[in-house]
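Going by the numbering used here, the first sequence opens with residue 1074, and the numbers climb by one from there.
The beta carbon of each residue, even a glycine, is placed where N, CA and C say it ideally should be.
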Amino acid sequence: MERDAQDERVMAREELAIDPVDLARKLLGGVLESRTPEGIVRLRLAEVEAYRGLDDPASHCYRGRTPRNDVMWGPAGHLYVYFVYGMHFCANVVGLSDGQPGAVLLRAGEVVEGADLARKRRPTARGNGHVAKGPAVLTSVLGLDRAHNGIDLTDSSASVRLLAGESVADERIRSGPRVGVAAAIDIPWRFWIDGSPAVSTYRRGGRVRPRAER
DNA sequence: GGGGCGATGTGCT
DNA sequence: GCACATCGCCCCA
């Protein structure tokens, strides 16, 4: 079937080498696949956020190139994985092209294959292995960690790949402020598929100041 | 060399 | 709704 062929198609680098805000919309409905000795898990992306390098104070690239964020400087289509809060990993797809940093954080998705393995990897997560609600749940369900940083998702032989999946109609895409981000809170660079059970609940970022605020 | 805090998840109140 | 676990990164001294 035509749709199945599209589901299986590995996305090409030139499709991904675009502004992260546009890439975020394009990734919705796409499928991230991880293959390990344990098995295969596939996840249809339902919620993402754009982080656009140098002029975005919330981006890891904002203060320049460092060993940690090196992958974000391109090339596009690679996986940027980072460690946060001393216990979680988050995964991004790098956008734009060489020399221009930017990426899309993968926040949530629906497990379309390998629910048993997903549940085994994250037994306490709500959704019983069928949804990955939140960026750290998403990475653990797929078995991603620091070792997967820099993988080329457009390489058809890679252990982690990005498949085209289904395109999502514009009217089904919603947007709003990014979760857990205090800087640039007015910029609606979070995108999600309306009605998806995987979409995480909004939480504003930044610690509440002791009493300075208002 | 030291300290503050973060693109979070979970369980308990 | 809130506190807390837990540690690497980055800024500043």
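**Asked** With C-beta atoms as the reference, is alanine 1256 less than 8 Å away from proline 1130?
**Response** Here residue 1256 corresponds to residue number 183 of the first sequence, with the count starting at 1. Here residue 1130 corresponds to residue number 57 of the first sequence, with the count starting at 1. Contact: yes.
**Entirely enclosed beta strand (DSSP E) segments - the region 1140-1207, minimum 3 residues** = 1152-1157, 1161-1167, 1176-1186, 1204-1206
**Collapsed DSSP secondary structure at aspartate 1243 in the structure displayed** = As a working note, residue 1243 is residue 170 in the first sequence. Of the three classes helix, strand and coil, the one that applies to aspartate 1243 here is helix, per DSSP.
**Request:** Give the straight-line distance between the Cα atoms of glycine 1278 and proline 1261, rounded to the nearest whole angstrom.
**Result:** Taking the first residue of the first sequence as 1, we reach residue 1278 at position 205. Taking the first residue of the first sequence as 1, we reach residue 1261 at position 188. So the alpha carbons of these two residues sit roughly 14 Å apart.
**Prompt:** Among the residues of its own chain, which have a CB less than 8 Å from the CB of isoleucine 1246, if the five just before and after it don't count?
**Reply:** By 1-based counting over the first sequence, the position of residue 1246 is 173. Correct list, in chain order: Arg1098, Leu1101, Phe1264, Trp1265, Ile1266, Asp1267.
**Request:** State the DSSP-derived secondary structure class of leucine 1226, mapped to helix, strand or coil.
**Result:** Taking the first sequence and counting its residues from 1, one reaches residue 1226 at position 153. Looking at leucine 1226 - three-state DSSP - the assignment turns out to be coil, as it is neither helix nor strand.
**Item:** Bounding residues of the alpha helix (DSSP H) (the contiguous stretch that carries valine 1094)
**Value:** Reading the first sequence from its first residue, position 21 is the one you call residue 1094. Segment 1093-1100, the alpha helix (DSSP H) holding valine 1094.
**Message:** What residue range does the alpha helix (DSSP H) around glutamate 1122 cover?
**Reply:** Against the first sequence, residue 1122 aligns to sequence position 49. Run containing glutamate 1122: none in the alpha helix (DSSP H); it sits in the beta strand (DSSP E), 1112-1124.
**Asked** Helix, strand or coil for leucine 1215 per DSSP?
**Response** Taking the first residue of the first sequence as position 1, residue 1215 is located at position 142. It is helical.
**Request:** With distances taken Cα to Cα, identify the nearest neighbour of arginine 1136 among Thr1197, Gly1175, Val1233.
**Result:** The count along the first sequence starts at 1 and reaches residue 1136 at position 63. Ranking Thr1197, Gly1175, Val1233 by Cα distance to arginine 1136 puts Gly1175 first.
**Prompt:** For arginine 1195, which option in Ala1220, Val1177, His1161 has the closest C-alpha, if you only look at C-alpha atoms?
**Reply:** The residue labelled residue 1195 in the question sits at position 122 within the first sequence. When only C-alpha atoms are compared, the closest one is His1161.
**Prompt:** Roughly how many angstroms separate the alpha carbons of glutamate 1081 and glycine 1249, rounded to a whole number?
**Reply:** Start at 1 with the first residue of the first sequence, and residue 1081 comes out as number 8. Start at 1 with the first residue of the first sequence, and residue 1249 comes out as number 176. So the alpha carbons of these two residues sit roughly 30 Å apart.
**Request:** Within the same chain, show all residues whose beta-carbon is closer than 7 Å to that of proline 1241, passing over the 5 residues directly before and after it, in chain order.
**Result:** Looking up residue 1241 in the first sequence gives position 168. The sequence shown places valine at residue 1241, rather than the proline named in the question. Correct list, in chain order: Leu1101, Gly1102, Ile1266.
**Asked** Would DSSP call valine 1210 helix, strand or coil?
**Response** Here the question's residue 1210 lines up with position 137 in the first sequence. Looking at valine 1210 - three-state DSSP - the assignment turns out to be helix.
**Item:** Cβ neighbour criterion (16 or more within 10 Å) applied to arginine 1282
**Value:** Locating residue 1282 in the first sequence gives position 209, where the first residue counts as 1. Since pLDDT at arginine 1282 reaches only 44, below the 50 mark, its modelled position is unreliable, and the value read off the structure follows with that caveat. Arginine 1282 comes out exposed.
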